[in-house]
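Single-structure report; data block below.
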Amino acid sequence: MRQNKTLQIAVIANLSALSVVLYYFVRFPLPFIFPAFLEVQISNVPAAIGGFMFGPVAGSAVVVIRTLIKLPASHTAFVGELADLIIGVATVVTSSLIYRKLRTKQGALLASIAGAFVWVVVATLSNYFIIIPFYIDLYFDGDVGGLLNMLEIIPGITEDNYLWRFALFASIPFNVLLAVLVYGLTFILYKRFKHLIESIHQKMEAS
Numbered sequence: 026m027r028q029n030k031t032l033q034i035a036v037i038a039n040l041s042a043l044s045v046v047l048y049y050f051v052r053f054p055l056p057f058i059f060p061a062f063l064e065v066q067i068s069n070v071p072a073a074i075g076g077f078m079f080g081p082v083a084g085s086a087v088v089v090i091r092t093l094i095k096l097p098a099s100h101t102a103f104v105g106e107l108a109d110l111i112i113g114v115a116t117v118v119t120s121s122l123i124y125r126k127l128r129t130k131q132g133a134l135l136a137s138i139a140g141a142f143v144w145v146v147v148a149t150l151s152n153y154f155i156i157i158p159f160y161i162d163l164y165f166d167g168d169v170g171g172l173l174n175m176l177e178i179i180p181g182i183t184e185d186n187y188l189w190r191f192a193l194f195a196s197i198p199f200n201v202l203l204a205v206l207v208y209g210l211t212f213i214l215y216k217r218f219k220h221l222i223e224s225i226h227q228k229m230e231a232s
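Here's what the structure looks like:
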C-alpha cells in the first residue's frame, strides 16, 4: 500500500511536469480559422489521464500544479490562469467521476464525451462573462475597438454583437476542437499509460 501511494505521487508529479511542458512547447494558433490569440494546446491530456487512473483529486492536482507553475509568467493578471484552472478542474472532475463508475471502454468513451461537453460550456461562459470583458479593460482601456481589430476574422462582428459572435464563431468551435483533441488523445493513450504504470508497480513489488 505504501508503494502504491508512493507510485501514485510520483505519477502525479510526472504528469504535472508533462502538462507544463506541453503547455509551453506544444501550442500553435490557427490564424486562418480563429483569432490568432486562440492557441491549440493539449496540456490537459496528462490531467485527464491522471483523473482516469487515480480519480478526480489526482486529475485536479495536475491542473492545479500546472496553473501554479504558470502563474509567474502570467500576462493576464492571473485571469487567464484562473479560467484555465476552472475549465481544467471542471472537465477532469466530470470525466474521472464517470469513469470511476464505469471502468470499461464504453465508460471511458462516455466520460470523454461528458468531459468535452463540460469543457465547451465552461470555456464559453468564462470567455463571455470573464475573460473578454477583462481583456478589454486591461489591454484596451475599455475600448472595444481595440479588440475588434483582433477579431476581424469573425464575419459581421461589431461593438453591438462582439460577445455573442465571438462565442458563436470562435469560442464554441475552438473549444470543441480543443476538447475533442484532448479527450481523443486521452482515450487513445490512457490504457497504454496505465499498462506502463502497472508494469512499473509490479517490478517495485517484486524487488
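Numbering-wise, the numbering used here comes out as the position in the sequence shown, counting from 1, plus 25. Don't be surprised by glycine CBs; every beta carbon is placed ideally from N, CA and C. All values reported here derive from a predicted model rather than from experimental measurement.
Burial state of residue i, where buried means 16 or more other Cβ atoms lie within 10 Å
| i | result |
| --- | --- |
| Ser41 | buried |
| Ser99 | exposed |
| Ile74 | buried |
| Thr211 | buried |
| Gly181 | exposed |
| Arg52 | exposed |
| Lys126 | exposed |
| Val31 | What sits at residue 31 in the sequence shown is Thr, not Val. That one is exposed. |
Straight-line Cα distance separating residue j from residue i
| i | j | result |
| --- | --- | --- |
| Phe57 | Lys228 | 50 Å |
| Leu150 | Ile138 | 19 Å |
| Met26 | Leu202 | For Met26, the predicted model reports a pLDDT of 42, less than 50, meaning its position is unreliable; a value from the coordinates is still stated below. Between Met26 and Leu202, the C-alpha separation is close to 40 Å. |
| Ile197 | Trp144 | 10 Å |
| Asp168 | Leu193 | 22 Å |
| Phe199 | Thr129 | 29 Å |
| Leu135 | Val147 | 18 Å |
| Leu43 | Pro71 | 7 Å |
| Val89 | Ala195 | 26 Å |
| Tyr208 | Pro97 | 28 Å |
| Ala108 | Phe154 | 11 Å |
| Phe59 | Met78 | 34 Å |
| Phe50 | Tyr215 | 21 Å |
| Gly80 | Leu122 | 7 Å |
DSSP bridge partner residues for residue i (one or two, in chain order)
| i | result |
| --- | --- |
| Val146 | Note: Val146 sits in no beta bridge, so no partner. |
| Phe53 | Val65 |
8 Å contact criterion, which residue i and residue j should meet: CB distance rounded
| i | j | result |
| --- | --- | --- |
| Phe191 | Ile179 | 6 Å |
| Asn69 | Gly113 | 6 Å |
| Ala141 | Ala204 | 4 Å |
Would you call the segment 152-164 and the segment 206-226 in contact, with 3 or more CB pairs under 8 Å?
-> no
Spell out a yes or no on whether the segment 115-123 and the segment 184-203 are touching, meaning 3 or more CB-CB pairs, one atom from each, closer than 8 Å.
-> no
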